[in-house]
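Just below is one structure, and these are the notes that go with it.
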């Protein structure tokens with residue numbers, strides 16, 4: 020099982036007020052699906068309204084950090100929202116991968132508002148075949 024989290028502050032909808040603005044200290048975590056196939060782990064992140072060049076993917080050990088900023092280009096001036104369900108501003112998602120996947124060979128593509136990252140299974144090392152000598156005394 021993969022663990023998805025954010026090390027940044029997240030303003031939940033329950034604590035948000037009607038005048039919520041995207042600011043430098045407000046972060047959100049995008050919706051993410053992670054699933055395994057026979058030969059890879061697939062990570063799909065919902066990031067509509069982004070540009071490919073505004074996404075950053077960083078590998079830290081067995082963790083993949085996905086971050087960026089979704090601009091709010093539709094809103095002009097002050098406005099009072101009646102419904103606000105779309106997150107704007109800075110986001111970060113940290114995905115901790117299980118053992119057995121090779122992040123150094125990961126490939127990512129952004130298409131139609133979804134970021135897809137394919138992480139191949141680690142190449143299996145051939146089992147070394149050898150004999151273990153047996154002695155009469157173990158000290």
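In my numbering, the protein residues as written are 20 to 158.
Where is the CB? At the ideal position from N, CA and C, for every residue including glycine.
Everything numeric in this text was worked out from a predicted model, so none of it was measured.
Would you tell me roughly how many angstroms separate the C-alpha atoms of residue i and residue j, rounded to the nearest one?
| i | j | result |
| --- | --- | --- |
| residue 4 | residue 101 | Since the first residue of the chain shown is 20 and the last is 158, residue 4 is not available in this structure. |
| residue 106 | residue 48 | 9 Å |
| residue 120 | residue 127 | 15 Å |
| residue 140 | residue 59 | 5 Å |
| residue 83 | residue 142 | 19 Å |
| residue 97 | residue 80 | 43 Å |
| residue 124 | residue 57 | 16 Å |
| residue 91 | residue 50 | 18 Å |
| residue 118 | residue 95 | 47 Å |
Near residue i, which residues of its chain fall below 6 Å by C-beta distance, leaving aside the five closest residues on each side in sequence?
| i | result |
| --- | --- |
| residue 63 | 52, 133 and 135 |
| residue 129 | 71 |
| residue 78 | 122 |
Apart from the five residues on each side of it in sequence, which residues of its chain come closer than 8 Å, Cβ to Cβ, to residue i?
| i | result |
| --- | --- |
| residue 87 | 66, 69, 73, 74, 75, 109 and 110 |
| residue 55 | 61 |
| residue 116 | 21, 60, 81, 82, 83, 122 and 138 |
State the DSSP-derived secondary structure class of residue i, mapped to helix, strand or coil.
| i | result |
| --- | --- |
| residue 71 | helix |
| residue 116 | coil |
| residue 124 | helix |
| residue 143 | coil |
| residue 129 | strand |
| residue 52 | strand |
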